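Only one structure is covered here, and it is reproduced in the block below.
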Amino acid sequence: MASLPIKPDPYYQDERVSGKRSRATEVTGAAAPVLSYRDENFTDEVARATQPAWEKLHDLMPDVEWLLKAPLVHKINRLKRERRAIILAHNYQAPEIFYGVADFTGDSLELARRAAALSEDGAPIAVMCGGNFMAWTVKVLAPARRVLIPDVQAGCSLAESISAADVRLLKERYLGAPVVTYVNTSAEVKAESDICCTSANALEIVVAAARAFKSKRVVFLPDHYLAMNVAAQTPIEIIAWRGTCMVHERFTVQQIRDLREQFPGVRVLVHPEAPPEVCAVADFVGSTSGMIKDVGLSHANKVVMVTECSMADNVAAANPGVQFVRPCVLCPHMQRITLQKILACLETLQPEVKIAPEVAARARRPIERMLELSSRFKSQAAKATLD
Ligand code: 13P
Numbered sequence: 000m001a002s003l004p005i006k007p008d009p010y011y012q013d014e015r016v017s018g019k020r021s022r023a024t025e026v027t028g029a030a031a032p033v034l035s036y037r038d039e040n041f042t043d044e045v046a047r048a049t050q051p052a053w054e055k056l057h058d059l060m061p062d063v064e065w066l067l068k069a070p071l072v073h074k075i076n077r078l079k080r081e082r083r084a085i086i087l088a089h090n091y092q093a094p095e096i097f098y099g100v101a102d103f104t105g106d107s108l109e110l111a112r113r114a115a116a117l118s119e120d121g122a123p124i125a126v127m128c129g130g131n132f133m134a135w136t137v138k139v140l141a142p143a144r145r146v147l148i149p150d151v152q153a154g155c156s157l158a159e160s161i162s163a164a165d166v167r168l169l170k171e172r173y174l175g176a177p178v179v180t181y182v183n184t185s186a187e188v189k190a191e192s193d194i195c196c197t198s199a200n201a202l203e204i205v206v207a208a209a210r211a212f213k214s215k216r217v218v219f220l221p222d223h224y225l226a227m228n229v230a231a232q233t234p235i236e237i238i239a240w241r242g243t244c245m246v247h248e249r250f251t252v253q254q255i256r257d258l259r260e261q262f263p264g265v266r267v268l269v270h271p272e273a274p275p276e277v278c279a280v281a282d283f284v285g286s287t288s289g290m291i292k293d294v295g296l297s298h299a300n301k302v303v304m305v306t307e308c309s310m311a312d313n314v315a316a317a318n319p320g321v322q323f324v325r326p327c328v329l330c331p332h333m334q335r336i337t338l339q340k341i342l343a344c345l346e347t348l349q350p351e352v353k354i355a356p357e358v359a360a361r362a363r364r365p366i367e368r369m370l371e372l373s374s375r376f377k378s379q380a381a382k383a384t385l386d
């Protein structure tokens with residue numbers, strides 16, 4: 000049996016006493032108490048194999064928690080290799096998933112790009128740790144792969160707000176206007192759409208769609224706040240749906256003011272699913288990966304991420320010199336994905352994502368259009384940087 004390597008624990012030392020992890024916390028720099036735990040499942044082999052993950056996680060969780068999680072991380076990684084599976088995880092996933100078992104992490108756009116490349120590598124199985132709409136996108140882009148989602152109920156309030164029949168009605172009503180659909184939707188809704196977008200490329204996609212359709216207006220589904228945030232940056236008329244993200248709709252301007260007052264100099268990063276008035280008082284607005292990049296590029300030493308709060312843990316682990324203020328709003332859907340469920344899904348190869356081939360074929364076009372266009376934006380941006 001191995002003893003757990005003990006590391007200083009600047010973030011959670013006081014939480015161990017209070018039992019709370021969710022309040023705004025500052026780095027204390029205090030060392031953790033020196034303890035040596037033993038557990039029958041935490042063998043020398045487990046300790047060795049999971050050491051790289053522990054290097055990232057030691058500031059994020061109490062030692063006792065890792066003793067329970069490390070054996071699961073080890074089992075998942077062994078089974079993953081045996082089954083030649085690949086694990087994709089969204090930036091919101093809990094740190095033990097993000098750092099412990101994921102082969103690829105990213106925002107929705109990066110995950111879709113990785114999914115599109117799945118047919119080029121040998122992995123016959125992909126496990127999507129994120130919302131079920133992300134797993135549907137993987138299946139649509141890689142139909143020959145077995146796609147698993149550890150919990151089918153990991154949904155999304157945006158995806159649930161609209162059906163394919165709604166989109167058909169909108170198309171009748173706004174004849175000639177392109178339908179731009181956020182990736183947080185079902186395959187059936189995507190199948191009715193002209194082009195998809197994510198939070199990383201929404202404005203560029205709207206502009207490109209209006210140009211391609213020679214239309215002065217664009218139907219944008221289903222996130223009302225993202226639609227308003229795009230509309231604020233373009234003269235194109237945006238026809239919006241009334242969907243909202245149950246995490247981001249809760250943030251208010253008053254909260255941002257209070258955070259700035261309590262933590263002077265804090266850099267405020269906001270996801271564009273938040274209300275426009277909240278985005279308007281941010282220092283940076285962007286996708287989850289955009290926020291992660293901003294932490295590195297801005298050299299800010301105090302940051303608050305106005306989004307699902309698991310992400311701050313993941314970013315903090317990679318940026319030990321930055322102080323993260325953590326008001327915590329968790330996405331109940333994303334939190335459904337756990338190590339136990341990932342292990343069960345690799346053992347049973349269930350639940351498997353199934354999409355009717357004709358729906359998948361129609362849903363693929365708008366996603367591929369987005370990927371094609373956004374790689375063009377990327378190369379144009381790279382060229383602009385070089386010029
Ligand atoms: P990103 O594409 O920015 O990662 O956002 C996904 C999401 O669902 C945010 O709530």
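Quick note on numbering: the sequence shown equals residues 0 to 386 in numbering that gives the first Met the number 0.
In this text, a Cβ means the ideal position worked out from N, Cα and C, and glycines have one as well.
From a predicted model like this one, the values you see are computed outputs, not experimental measurements.
- Annotation for residue 229: 201, 202, 205, 219, 237 place their beta carbon closer than 7 Å to its own, counting only its chain and skipping 5 residues before and after.
- Nearest to residue 289 by C-alpha distance, out of 246, 108, 369, 279, is 108.
- Remark: three or more beta-carbon pairs, one from each stretch, lie closer than 8 Å, so the segment 161-173 and the segment 181-201 are flagged as touching.
- Judged by beta-carbon spacing, residue 141 lies within the 8 Å limit of residue 117, meaning their Cβ atoms are closer than that value.
- The DSSP-derived three-state label of residue 222 is strand.
- When C-alpha distances from residue 64 are compared across 40, 83, 82, 77, the shortest belongs to 40.
- With 16 or more neighbouring CB atoms inside 10 Å of its own CB, residue 138 falls in the buried class.
- Residue 296 holds the alpha-carbon nearest to the alpha-carbon of residue 318 among 327, 335, 330, 296.
- Across the structure, residue 298 and residue 349 are spaced so that their CA atoms are roughly 43 Å apart.
- Spatial neighbours of residue 152 in its own chain (CB-CB distance under 7 Å, excluding positions within 5 residues in sequence) are listed in chain order as 335.
- Taking residue 333 as the centre and dropping the five residues before and after it, the same chain places the C-beta of 89, 91, 92, 129, 130, 153, 307, 309 closer than 8 Å to its C-beta, in chain order.
- In the structure shown, the three-state DSSP call for residue 266 is strand.
- Secondary structure of residue 366 (DSSP, three-state): helix.
- Of the residues 376, 367, 351, the one whose Cα lies closest to the Cα of residue 125 is 351.
- According to the DSSP secondary-structure assignment, residue 290 is paired through a beta bridge with no residue.
- Taking all protein chains in view, the Cβ of residue 286 is crowded by 16 or more other Cβ atoms within 10 Å, so the residue is classified as buried.
- Listed in chain order, the non-local C-beta contacts of residue 112 below 7 Å within the same chain comprise 370, local neighbours out to five positions each way being set aside.
- Given a length threshold of 3 residues, each whole run of the beta strand (DSSP E) inside the segment 197-264 is given here in chain order: 216-220, 236-239.
- Around the CB of residue 353, fewer than 16 other CB atoms lie within 10 Å, so the residue is classed as exposed.
- Excluding the 5 residues flanking it on each side, residue 148 has same chain C-beta neighbours closer than 7 Å at 127, 131, 134, 350, 352, in chain order.
- Not one heavy atom of the ligand 13P falls within 7 Å of the beta-carbon of residue 277.
- In this structure residue 225 touches residue 271 by the C-beta definition: roughly 5 Å separates them, less than 8 Å.
- For residue 298, no alpha helix (DSSP H) segment is defined, and its DSSP state is neither H nor E.
- The straight-line gap separating the alpha-carbon atoms of residue 103 and residue 86 is approximately 7 Å.
- DSSP, read as helix, strand or coil, puts residue 376 in helix.
- The C-alpha of residue 281 lies about 6 Å from the C-alpha of residue 269.
- In the three-state scheme derived from DSSP, where H, G and I count as helix and E and B as strand, residue 195 is classed as strand.
- Residue 311: member of the alpha helix (DSSP H) spanning 309-317, first to last residue.
- Relative to residue 293, the option among 267, 221, 277 whose CA is nearest is 267.
- Beta bridge pairing from DSSP links residue 173 with no other residue.
- Looking at the DSSP output, residue 283 bridges to 268.
- Residue state for residue 60 is assigned as coil, using DSSP reduced to three classes.
- Secondary structure note for residue 147: it is in no alpha helix (DSSP H), and the uninterrupted beta strand (DSSP E) holding it is 145-147.
- Within the same chain, and ignoring the five residues on either side of residue 227 in sequence, the residues whose Cβ sits closer than 6 Å to its Cβ are 275.
- Using a 10 angstroms sphere on the CB of residue 71, the tally of other CB atoms reaches 16 or more, which defines it as buried.
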